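Report on one structure; see the data block that follows.
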Amino acid sequence: MTSLKNLLESVSQEEQLQGQLLLVGGEAADHIRFLNAFGIRDVSITPYGFHFAEHADVHLSVHSFAGDYATVYQPVLDKLLSGSLVVYILDALELLKEELTQESIFKRVSASLKPWINACSKASRCSIQVHNVSRVDYNVKSIAMIDYLQQLLRLIMMDQNGSVLFFQDTDTPEDIVQLLKSSAELRIKDYDNVFVPSGSDSYGKIKLLNEDFDCEGTLQNWNRIEVVTKEVPANATPTKTEDLRQKYQDFLRQIHLAV
C-alpha cells in the first residue's frame, strides 16, 4: 500500500526540473567553475567527470569531457546523447589571444568546436557556453573581435537550433538553468552578458552587431570544414602507447558504470 509520504514525494518529483547535461570541450577549470555555481566543491575531472547538481527544484546529472575531442569518447557519447543537453565549453581568452583577426578567431573556434559538434550531431539539444569574456582586454581593437565572436557563435548555434550563453563568474544556478527551459528570454546587456535561447535568433538580429557580417558566406565556410580527430585526447598525459590505451579502457569502463 502506497503511503501518503510516498505519494507526496512522487508528486513533488514530477514538478521538479530534471535533466542531464553533457559538458564537452574547454578547460577543466571551466567545467569546475560551472559545477561550483551549483555549490559542488568536490570536483574531479581527469579527464572525465560525473556529478549530481541540485538547486531548489532542479536536479541535474552532469557528465564532463574536458579538452579536445577524441574518437575514444564516441561510444560513450552515443550512449549519453539521447535526452541530454550538450553544452560546448569555449574559453574566450584562448579564442581572443594574440594575432587577433576574424580569420584567426574562425580557425580557433573551428578547431575547438567543430570536432565536438560532429561527434554530438545526434543530440536533441545543444548550447555554447563561453567563459572568461570579461577577462579579455577590452579596447578599440578587441571589441570588434568580441562582436565577431558573438556573431559567429550565434550563427553556428542558430544553424544547430541551439543557444548561446556568455558565462559570467557572477552567474547563478538560476541563470544556467535557463538553458534547460524553453520559455527563456533573450538577454544581451553587455559584451560579456549574453544569452540567446534556441529558436530566438535570426540573420537580421545577428547583423545588428555589425551589418557587414556575412551570415550566409560564414555558414557555408563553417559547413565545409573537415576535421581530423585523434584516437586519444591531446591533453592526455604522455606515456607509452599500450599504457595509454589501457588507461582509456579503464576510463571508459568507469563511465559505463556511471551512466
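According to our numbering, the residues represented by the sequence shown are 4 to 262, in order. For glycine and all other residues, C-beta sits at the position ideal for the given N, C-alpha and C. Computed from a predicted structure; not experimentally measured.
Is the separation between the beta-carbon of residue i and that of residue j shorter than 7 Å?
i    : j    : result
I149 : Y194 : yes
L63  : Y91  : no
F169 : V197 : yes
D71  : G29  : no
S67  : L96  : no
I108 : L80  : no
V199 : V167 : yes
Q154 : L211 : no
I209 : S113 : no
I48  : A73  : no
R157 : D204 : yes
V75  : L24  : no
Buried or exposed, going by whether 16 or more other CB atoms sit within 10 Å of the CB of residue i?
i    : result
D33  : buried
F55  : exposed
I159 : buried
L189 : exposed
V231 : exposed
Excluding five sequence neighbours on each side, which residues of the same chain lie with their C-beta closer than 6 Å to the C-beta of residue i?
i    : result
G165 : C129, S130, S201
V46  : I35, L38
Among the options, which residue has its Cα nearest to the Cα of residue i?
i    : options               : result
Y141 : N213, L99, I228, I120 : L99
T221 : V230, V167, V75, D162 : D162
S145 : L103, P118, S113      : L103
Q77  : G42, Q105, N39, I120  : I120
H134 : K82, Y206, G22, Q171  : Q171
Closer than 7 Å, CB to CB, is residue i near chain C or not?
i    : result
N142 : Absent from the structure: chain C. Only one protein chain is present.
Using 8 Å as the cut-off, can you tell me whether the segment 120-127 makes contact with the segment 79-88, which would need three or more C-beta pairs spanning the two stretches below that distance? yes
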